[in-house]
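Keeping their order, the protein sequence lines are chains A and B. Using the working numbering, the letters of the first sequence correspond one by one to residues 873 to 1240. Using the working numbering, the letters of the second sequence correspond one by one to residues 55 to 300. Written below as structure tokens is the structure these notes are about.
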Amino acid sequence: MKKFIGFVKKEYYHIIRDPRTLFVLIAMPIAQILLFGYVITNEIKNASIGILDHSKDEITKQISSKILSSGYFKLDASINSEQEIHEAFRKGKIKEVIVFEPHFAEKLKKEGTAKIQIIADASDPNMANLLTNYTEAIIRNYSIAITTQNTQISLITPEVRMLYNPELKGAYMFVPGIIAMLLMLISALMTSISITREKELGTMEVLLASPLNPFTVITGKVTPYLLLSFINACLILLTGYFVFNVPVNGSIILLLAECLLFIFMALSLGILISTATKTQQAAMLISLVVLMLPTILLSGFIFPVENMPLPLQYLCKIMPPKYFINIVRTIMLKGGNLATLWSDTLILFGMSIFFLMVSMRKYKIRLE
Amino acid sequence: MEKEKAITVKNLVKKFGSFVANDNLTFDVYKGEIFGFLGANGAGKTTALKILCGLSSPTSGEINVAGFDVYSETNKIKNNIGYMSQKFSLYEDLTVYENIRFYGGIYGLKLKDIRKRADELIQKLGLTNVRNELLSSIPLGWKQKLAFSVAIFHHPKIVFLDEPTGGVDPVTRREFWDMIYDAAGEGITIMVTTHYMDEAEYCNRVCIMVDGRIEAIGTPSELIKNQNAENMNDVFLQLARKAKQQ
């Protein structure tokens, strides 16, 4: 035990005497969460649109002003002919054009229907989708309003409620993902680097030639990173709470316990990587490519797993971050407890044990 | 009178796949002796040394280090030996004292003893002024001497030095050997690998390895006489050439 404390102390000196790395470790979570929270947003504000009004009557003007006063759109260019539409899109000045057909109000009165064409710039498909949805919704509301006025018939109006994230805030979605990403990064990357560094320096040999138990070496090496990762998880949660008002609706103790479980898993992966590599560079590269990409792409962090092709869905099923992100989202946003999360937790636990066993086995073989 | 043996090796073989790194080595090292392991790079010196330290396990052979069997009593061996690796083996981002304390600690010394011995050692090496400086700020020669002192800090029975003087200037190398003699004088058995042939003459006995085999073993003067050579360098060149012709 005394040897173990001595070892942890040594690791602590390594970390504390490398201020650059330490700064990155502490500043990164906060920088990441601010970046993701502010940059990636699904909300629309003041999108530039054009309106080509061939009719210029009472109703088209009403619809136009409804759309423009919604706060989502602003009129950028008045377009007077079809030819100008393409020009304006190409210049990138506008994202959407709304075209009213000639004699709009007249047709609406006589035939009960009139056409509005919505043209969107789909070089950014997500944006185009959002814009057209918003526009359609506004027009639909308007048409419902006038039909009920005229005919006194109440139409069916669906009332939509967004549960768990009523304002559809991006931060709600990203905070759990960032926790997974950073815990993976710090735990796996830093552990594998710090073990391979001892190999590069030749100190690993000296440690192994000493009476120090090899497992003391490993546990001594990972303990400081376990603490550091845990502190980071707390930092992310706090930043999420105070800057983006991301709530923790479920049990905070359960949330932290699940974080610890995930850290445990990531540390085992870090040890596994370090047994397979000889240099710090190789360890870093493998950690980034093999761990970070799946954490970002194959975990439901940004892209929903359900929308992926089937083989990728199966691939996602063996990615630990997928389960962790689901757990964190459920606890934070839905207030889930262990009764609802036991299967995900069990899978994560099983994966941790598996990676730990494999890495310890490989580590033992390396001693030969 | 039979001298007490510190290490006995009988028919040691180490294979990596089909490559034979150590081919049937047999030798003894006596207590308190400075035993040199000579050979070109890749001759199998480091491999043999690692087996004796318990860092690597032999393919076959009977090996006994400090009275313990290398297969079944590795932990007891590790408590009784010191090891200084080919690469420089102290931590650059720890201070002189912290390095000593860390290594003392992993050998299970009591903090009180560590403090006392560390103070004596720092004084002896003339490092008092830089006691609390990071290791990265002191010259290489001092680091090397410190690394050796740290390897024998826990008073092991045997210390293994793997090319300890690589990249060190001649003056420091001489001082380094003085320290080795001091340690031998205290009864510590020293096993050292080197490819500097002038250093071979500092050893009590040497063993010359060529391509994984022991080509010659004995005191430097015996070897020079047997090979009709002028110095150890000639002895080594003759043996190495003979091996190539075969």
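Even glycine gets a Cβ: it sits at the ideal position worked out from N, Cα and C.
(request) Over the uninterrupted alpha helix (DSSP H) stretch that includes Thr149 (chain B), give me the two end residues. (result) Per DSSP, Thr149 (chain B) belongs to no alpha helix (DSSP H) and is neither H nor E.
(request) Just mark Ala1017 (chain A) as buried or exposed, buried being the case when its beta carbon has 16 or more other beta carbons within 10 Å. (result) exposed
(message) So, for Leu1187 (chain A): in the same chain, excluding its five sequence neighbours on each side, which residues have a beta-carbon less than 7 Å away from its beta-carbon?
(response) Leu1170
(request) Compute the Euclidean distance between the alpha carbons of Ile916 (chain A) and Tyr1006 (chain A), then round it to the nearest angstrom. (result) 9 Å
(request) Following the continuous alpha helix (DSSP H) through Met1056 (chain A), name the residue where it begins and the one where it ends. (result) Gly1042 to Met1056
(message) Would you say Asp167 (chain B) lies against chain A (beta-carbon separation less than 8 Å)?
(response) no
(message) Closer than 7 Å between beta carbons: that is the criterion. Which residues of the region 227-241 of chain B meet it against chain A?
(response) none
(message) Under 8 Å: do the region 206-221 of chain B and the region 104-121 of chain B share three or more Cβ pairs, one atom per stretch?
(response) yes
(message) Distance cutoff 8 Å, beta carbons only. Does Gln198 (chain B) sit that close to anything in chain A?
(response) no
(message) Determine, for Leu109 (chain B), whether the minimum Cβ-Cβ distance to residues of chain A falls below 8 Å.
(response) yes
(request) Using a Cβ cut-off of 8 Å (strictly closer), state whether Ile61 (chain B) contacts chain A. (result) no
(request) Output yes if chain A places a C-beta closer than 8 Å to the C-beta of Leu189 (chain B); else output no. (result) no
(request) List the residues of chain B whose Cβ lies closer than 9 Å to the Cβ of Ala1081 (chain A), in chain order. (result) Lys104, Cys107, Gly108, Leu109, Lys132, Ile135, Gly136, Tyr137, Ser139 and Phe214
(message) Give me the subset of the region 1064-1078 of chain A whose CB atoms are less than 7 Å from a CB atom of chain C, sorted by chain position.
(response) Within the model displayed, chain C is absent; protein chains A and B are what it includes.
(request) Report yes if the C-beta distance between Lys68 (chain B) and Thr101 (chain B) is below 8 Å; otherwise report no. (result) yes
(request) Could you check the C-alpha separation between Met55 (chain B) and Gln198 (chain B) for me, to the nearest Å? (result) Unreliable placement is indicated for Met55 (chain B), whose pLDDT of 47 sits below 50; the coordinate value is still reported in the next sentence. The alpha-carbon atoms of Met55 (chain B) and Gln198 (chain B) are separated by roughly 37 Å.
(message) What residue range does the alpha helix (DSSP H) around Gln134 (chain B) cover?
(response) Before going on, a small fix: residue 134 (chain B) reads as Asn here, not Gln. Asn134 (chain B) -> alpha helix (DSSP H) spans Thr128 to Asn134.
(request) Look at the Cβ atom of Thr932 (chain A), then the Cβ atom of Phe976 (chain A), and state whether they are nearer than 8 Å. (result) yes
(request) Return the chain-ordered list of same chain residues with a C-beta closer than 7 Å to the C-beta of Pro274 (chain B), the five sequence neighbours on each side being excluded. (result) Ala254, Glu255, Cys257, Val260 and Met286
(request) Report buried or exposed for Tyr125 (chain B), applying the criterion of at least 16 other Cβ atoms within 10 angstroms of its Cβ. (result) exposed
(request) Please list the partners that Lys875 (chain A) has in chain B, where partner means a Cβ-to-Cβ separation under 7 Å. (result) Gly159, Ile160 and Gly162
(request) Pull up the DSSP beta-bridge partners for Asp215 (chain B), would you. (result) The sequence shown places Leu at residue 215 (chain B), not Asp. According to DSSP, which records beta bridges pairwise, Leu215 (chain B) is partnered with B:Met138 and B:Val246.
(message) With DSSP as the reference, identify every bridge partner of Asn118 (chain B), one or two as the case may be.
(response) B:Thr62 and B:Asp123
(request) Give a yes or no on whether the C-beta atoms belonging to Glu58 (chain B) and Lys85 (chain B) are separated by under 8 Å. (result) yes
(message) Determine, for Arg1233 (chain A), whether the minimum Cβ-Cβ distance to residues of chain B falls below 8 Å.
(response) no
(request) Determine the direct distance from the alpha carbon of Asn1198 (chain A) to that of Gly1182 (chain A), and round the result to whole angstroms. (result) The identity of residue 1182 (chain A) in the sequence shown is Leu, whereas the question assumes Gly. In a straight line, the C-alpha of Leu1182 (chain A) is about 19 Å away from that of Asn1198 (chain A).
(request) To the nearest angstrom, report how far apart Glu883 (chain A) and Ile268 (chain B) are at their CA atoms. (result) 42 Å
(request) For Cys107 (chain B), I'd like the list of residues in its chain whose CB is within less than 7 Å of its CB, leaving aside the five on either flank, ordered along the chain. (result) Ile135, Tyr137 and Phe214
(request) Compare the beta carbon distance of Pro1193 (chain A) and Met1056 (chain A) with 8 Å and say whether it is the shorter of the two. (result) yes
(request) Would you kindly report the start and end of the unbroken beta strand (DSSP E) that includes Met263 (chain B)? (result) Arg259 to Val264
(request) Report the three-state DSSP secondary structure of Phe89 (chain B) (helix, strand or coil). (result) strand
(request) Please decide whether Tyr885 (chain A) counts as near chain B, where near means a Cβ-Cβ distance under 8 Å. (result) yes
(message) Check whether chain B comes within 8 Å of Leu1084 (chain A), counting only Cβ atoms and requiring the distance to be less than that.
(response) yes
(request) Mind the definition here: the region 945-956 of chain A touches the region 905-912 of chain A only if three or more C-beta pairs lie below 8 Å; say whether that holds. (result) no
(request) Report all residues from its chain with a CB closer than 7 Å to the CB of Gly195 (chain B); omit the five preceding and five following residues, and keep chain order. (result) Val222, Asp223 and Thr226
(request) Give the secondary structure of Asp82 (chain B) by DSSP, where H, G and I count as helix, E and B as strand, and everything else as coil. (result) strand
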